[in-house]
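Numbering (the numbering used here), first residue to last: 2 to 294.
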């Protein structure tokens with residue numbers, strides 16, 4: 002698959018004029034992951050990634066596996082991180098790239114349910130940024146070596162998919178079916194759910210749902226719904242949806258409510274967030290617009 006934006010979905014690279022606005026060459030797997038809730042994309046810097054690039058919150062645990070070159074980022078409290086790292090759902094705090102040396106990396110998005118299955122209890126503690134070697138231990142270096150040795154993007158995707166399959170088989174840390182159902186309900190309804198209604202449908206108390214959901218997935222059901230709702234809304238804005246219509250159809254009380262959520266997650270307004278480069282590539286890397294929850 003190729004597109005005239007200069008982004009590639011196979012191992013082939015296409016030259017692209019600077020006017021296309023793309024900061025990276027992007028590769029996507031030809032086959033979906035064997036594991037539900039796992040998506041991957043490969044990024045290669047074109048040498049024009051700007052410093053202070055803003056990363057936009059997303060309702061997934063995100064792994065950035067850098068196997069060539071270097072990336073340095075800073076979280077909202079000014080803590081720097083260099084190399085490969087993991088980010089909790091919503092990124093916890095504002096996150097910006099500080100320095101980017103020509104790089105190639107795999108970005109992996111894990112739904113909170115998939116993250117629990119693959120990372121165990123560690124996934125629930127990812128409320129901010131953590132170096133990948135601190136999360137995975139020696140497995141991090143071994144994974145980087147295997148990815149660097151792979152000759153093509155499709156081989157790298159296959160390496161990572163096998164690695165995830167092995168980890169899932171060894172994890173032995175299932176979540177409560179009720180918690181998994183609650184996440185799927187939130188995702189399928191694009192965040193337009195009430196925690197009280199979820200608890201009622203489960204036959205649980207609100208307190209029990211809040212406690213189990215938070216301890217196993219790392220965020221409250223209310224925060225999860227807010228983040229999923231924001232994610233769908235911001236991509237509709239990028240696709241050209243008028244803010245008033247996006248708010249009305251996205252489960253917001255009014256346009257001001259949408260404005261507050263966009264500002265809370267990004268520090269921007271609905272009118273300015275649409276120019277963010279990190280969002281502009283999502284239709285190619287992750288299948289937006291119209292990606293399922």
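C-beta atoms are modelled at their ideal positions from N, C-alpha and C, and glycine is treated no differently.
From a predicted model like this one, the values you see are computed outputs, not experimental measurements.
Check	Outcome
Range of the contiguous alpha helix (DSSP H) that encloses residue 263	256 to 267
Separation of residue 86 from residue 209, as counted between CA atoms	32 angstroms
Residue 83 burial status per 10 Å Cβ neighbour count (16 or more: buried)	exposed
Length of the line joining the Cα atoms of residue 11 and residue 43	Unreliable placement is indicated for residue 11, whose pLDDT of 39 sits below 50; no coordinate value is reported for it.
Nearest to residue 104 (by Cα), restricted to the options 254, 273, 38 and 48	48
Integer-rounded CB distance, given that residue 41 should sit under 8 angstroms from residue 30	6 angstroms
Under the three-state DSSP convention, the category residue 81 falls into	strand
Backbone CA spacing between residue 147 and residue 204 [nearest angstrom]	46 angstroms
Cα-Cα separation, residue 232 to residue 142	32 angstroms
Residue 279 and residue 57 closer than 8 angstroms at C-beta	yes
Three or more C-beta pairs below 8 angstroms linking the stretch 243 to 258 and the stretch 215 to 234	yes
Check whether residue 113 and residue 219 have beta carbons under 8 angstroms apart	yes
Nearest-angstrom Cα separation, counted from residue 196 out to residue 128	21 angstroms
Inter-residue CB distance, residue 226 and residue 263 (contact presumed, cutoff 8 angstroms)	So it is not a contact: roughly 16 angstroms between Cβ atoms.
Bounding residues of the alpha helix (DSSP H) (the contiguous stretch that carries residue 232)	222 to 239
Straight-line gap, residue 168 to residue 90 (C-alpha atoms, nearest Å)	20 angstroms
Proximity below 8 angstroms, CB of residue 73 to CB of residue 107	no
Nearest-angstrom Cα separation, counted from residue 115 out to residue 154	22 angstroms
Where residue 201 falls: helix, strand or coil (DSSP)	helix
Cutoff 7 angstroms; reference residue 214; Cβ partners in own chain excluding five residues on either side	180, 183, 221 and 222
Strand pairing of residue 108, partner residues [DSSP]	42 and 65
Coil, strand or helix - residue 244 by DSSP	helix
Length at least 4, wholly inside the stretch 133 to 172: the alpha helix (DSSP H) runs in chain order	133 to 137, 140 to 150 and 154 to 172
C-alpha distance - residue 33 paired with residue 120, whole-angstrom precision	20 angstroms
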